[in-house]
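Notes for the one structure printed next.
There are 2 protein chains.
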Amino acid sequence: MSGPVGRGAKVRAAVHAATLAELVDKGYAELTVDAVAQRAGVHKTTVYRRWNDRQSLVVDALAEHFAADIPTPDTGALETDLRALARALVDSMAGPVGTAVQAAMHSDAGRLPEIAEARQRIFADRFRRAEPVVSRAIERGELPVGTDPAEVFKALAAPIYYRLLVIAEPVDQTTADLAARIALAAARAGALISPIATRNQTAGRRQ
Amino acid sequence: MSGPVGRGAKVRAAVHAATLAELVDKGYAELTVDAVAQRAGVHKTTVYRRWNDRQSLVVDALAEHFAADIPTPDTGALETDLRALARALVDSMAGPVGTAVQAAMHSDAGRLPEIAEARQRIFADRFRRAEPVVSRAIERGELPVGTDPAEVFKALAAPIYYRLLVIAEPVDQTTADLAARIALAAARAGALISPIATRNQTAGRRQ
């Protein structure tokens with residue numbers, strides 16, 4: 001790509017990278033559009049022309065970060081697919097950008113409606129990307145028909161987040177492999193069939 | 001019990017209850033020893049005689065709250081024991097005190113060394129209390145020898161915390177039952193045998 005579109009994409013990428021770098025260095029509370037623009041090597045009016053404010057800038061950078069972080073594996077077997085997903089998730093969370101992103105999501109900033117809403121979209125997107133892993137496993141006869149891809153991804157992600165955010169244990173490849181084994185066993189045993197998710201969503205709407 | 005010991009225990013209970021109530025109403029940032037004393041109906045010097053400061057007061061109230069919240073079930077079968085544990089955990093987290101406690105633990109206050117340390121003790125205590133559930137299941141031949149009780153409790157707690165803290169989904173009895181099914185399937189499949197935990201701890205110390 002070249003011309004205005006190519007330049008626009010480059011500016012976007014530079015501003016996103018600068019936003020995440022500022023998040024790493026200073027946290028959300030201290031992040032300013034001026035500092036992001038300076039770091040990205042663009043004029044701050046260029047930033048304000050594309051993003052209305054600091055919040056939409058951060059939301060956009062986070063969404064872009066999360067859209068790229070967990071590729072959908074296709075190794076030919078559920079066990080290795082789940083392990084690849086879990087390791088990608090750990091890598092994404094354990095690096096400096098991941099740590100800053102986690103801190104931003106689970107801080108005062110995380111309670112802003114825009115960030116909370118972005119978080120919902122980000123997780124919905126992750127659940128969608130796990131879908132082929134589960135549908136292929138069902139086709140291969142590795143999982144019961146009706147296994148819910150979103151529930152499989154949640155069962156995989158939960159042990160990793162629990163260690164990182166709740167009991168503050170180190171998160172590494174061993175954690176990823178353990179999470180993959182838990183999700184695999186639960187899915188194989190038929191514990192993650194759709195009705196569970198459906199009942200959950202209904203209960204959610206009722207509250 | 002009567003006499004000074006009984007009165008001491010009553011003061012302790014009243015101050016703990018008042019501390020949790022103040023946490024619910026105002027959060028940690030706004031909590032003062034004066035307000036706790038007033039709410040408990042005792043003089044503030046009585047509070048200061050037993051607790052050095054606001055932090056140790058909150059840490060003590062949280063530890064007491066967590067010590068009492070999850071009784072060790074003994075229903076005769078692993079599946080129903082795990083369900084009882086998961087439901088007690090959900091009840092503890094979803095009520096007004098539980099919500100305030102979660103907010104206090106996962107806020108700026110949660111980063112204070114005293115609270116972080118209390119959190120470690122609280123979780124270690126919970127893992128210990130899950131121990132008989134697992135050892136009895138091993139004796140009954142329901143689980144492989146060497147299954148790690150702490151890993152079983154983590155597999156049970158992770159889906160509940162993940163929904164509450166990460167994806168902000170409602171947490172209810174359906175969540176508890178799903179968490180129990182996940183932990184049961186993982187434990188039965190041998191995914192929670194001790195070496196995993198041992199390797200995890202070694203990796204943790206190396207970091």
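From first to last, the protein sequence lines stand for chains A and B.
Per the UniProt record's numbering, the very first residue in the first sequence carries number 1; after that it's consecutive.
Per the UniProt record's numbering, the very first residue in the second sequence carries number 1; after that it's consecutive.
In this text, a Cβ means the ideal position worked out from N, Cα and C, and glycines have one as well.
Look up residue i in the DSSP assignment and say whether it is helix, strand or coil.
{"i": "threonine 72(A)", "result": "coil"}
{"i": "threonine 147(B)", "result": "strand"}
{"i": "isoleucine 160(A)", "result": "helix"}
{"i": "threonine 122(A)", "result": "Checking the sequence shown, residue 122(A) turns out to be isoleucine, not threonine. Three-state DSSP puts isoleucine 122(A) in a helix."}
{"i": "glycine 204(A)", "result": "Residue placement at glycine 204(A) is poorly supported in this model, since its pLDDT is 45, which falls under 50; the coordinates still yield a value, given next. Reduced to three states, the DSSP call for glycine 204(A) is helix."}
{"i": "isoleucine 193(A)", "result": "strand"}
{"i": "arginine 188(A)", "result": "helix"}
{"i": "aspartate 81(A)", "result": "helix"}
{"i": "tyrosine 28(B)", "result": "coil"}
{"i": "aspartate 53(A)", "result": "coil"}
{"i": "histidine 65(A)", "result": "helix"}
{"i": "histidine 43(B)", "result": "coil"}
{"i": "isoleucine 167(A)", "result": "coil"}
{"i": "glycine 95(A)", "result": "coil"}
{"i": "arginine 181(A)", "result": "helix"}
{"i": "glycine 6(A)", "result": "helix"}
{"i": "glutamate 142(B)", "result": "coil"}
{"i": "aspartate 172(B)", "result": "coil"}
At the level of alpha carbons, what is the spacing between residue i and residue j?
{"i": "alanine 67(A)", "j": "alanine 124(B)", "result": "36 Å"}
{"i": "residue 208(A)", "j": "threonine 72(A)", "result": "The requested residue 208(A) does not occur in the structure, where chain A is confined to residues 1 to 207."}
{"i": "glutamine 173(A)", "j": "isoleucine 70(A)", "result": "15 Å"}
{"i": "isoleucine 182(A)", "j": "glutamate 114(A)", "result": "33 Å"}
{"i": "alanine 88(A)", "j": "alanine 94(A)", "result": "10 Å"}
{"i": "residue 225(B)", "j": "valine 24(B)", "result": "Given that chain B is displayed from residue 1 to residue 207, the structure contains no residue 225(B) and the question cannot be resolved."}
{"i": "threonine 45(B)", "j": "threonine 75(B)", "result": "46 Å"}
{"i": "proline 159(B)", "j": "threonine 175(A)", "result": "15 Å"}
{"i": "glycine 146(A)", "j": "arginine 188(B)", "result": "22 Å"}
{"i": "alanine 40(B)", "j": "serine 92(B)", "result": "22 Å"}
{"i": "arginine 129(A)", "j": "glycine 8(B)", "result": "58 Å"}
{"i": "proline 96(B)", "j": "valine 11(A)", "result": "47 Å"}
{"i": "alanine 100(A)", "j": "glutamate 64(A)", "result": "15 Å"}
{"i": "tyrosine 48(A)", "j": "arginine 119(A)", "result": "23 Å"}
{"i": "alanine 203(A)", "j": "aspartate 34(A)", "result": "The pLDDT assigned to alanine 203(A) is 49, lower than 50, so where the model puts this residue is not dependable, and the model offers no usable value."}
{"i": "tyrosine 168(A)", "j": "alanine 14(B)", "result": "What sits at residue 168(A) in the sequence shown is alanine, not tyrosine. Each residue's Cα considered, the two are about 31 Å apart."}
{"i": "aspartate 53(A)", "j": "glutamine 102(A)", "result": "21 Å"}
{"i": "glycine 190(A)", "j": "arginine 163(A)", "result": "25 Å"}
With a cut-off of 8 Å on the beta carbons, I'd call residue i and residue j a contact; round off their distance for me.
{"i": "threonine 19(A)", "j": "valine 36(A)", "result": "5 Å"}
{"i": "aspartate 148(B)", "j": "alanine 86(B)", "result": "Not confirmed; about 18 Å, so no contact."}
{"i": "leucine 184(B)", "j": "glutamate 151(B)", "result": "Leucine 184(B) to glutamate 151(B), Cβ: 13 Å. No contact."}
{"i": "tyrosine 161(A)", "j": "valine 166(B)", "result": "5 Å"}
{"i": "leucine 82(B)", "j": "alanine 157(B)", "result": "Their Cβ separation, rounded to whole angstroms, is 11 Å, which puts leucine 82(B) and alanine 157(B) out of contact at 8 Å."}
Practice item. Please name the residues in the UniProt domain "HTH tetR-type" (9-69) of chain B whose beta-carbon is closer than 8 Å to at least one beta-carbon of chain A, in chain order. Key: none
Practice item. Scan the segment 126-160 of chain A for residues whose Cβ lies nearer than 7 Å to a Cβ of chain B and list them as they occur along the chain. Key: For the segment 126-160 of chain A, the beta-carbon criterion of a distance under 7 Å to any beta-carbon of chain B is satisfied by Lys154, Ala155, Ala157, Ala158, Pro159.
Exercise for review: May I ask you to list, following chain order, the residues of the segment 161-182 of chain A that have a beta carbon less than 8 Å from some beta carbon of chain B?
Suggested key: Tyr161, Tyr162, Arg163, Leu165, Val166, Ile167, Ala168, Glu169, Pro170, Asp172, Thr174, Thr175, Leu178, Arg181, Ile182
Exercise for review: Would you list, in chain order, the members of the segment 87-100 of chain B that have their beta-carbon closer than 9 Å to a beta-carbon of chain A?
Suggested key: none
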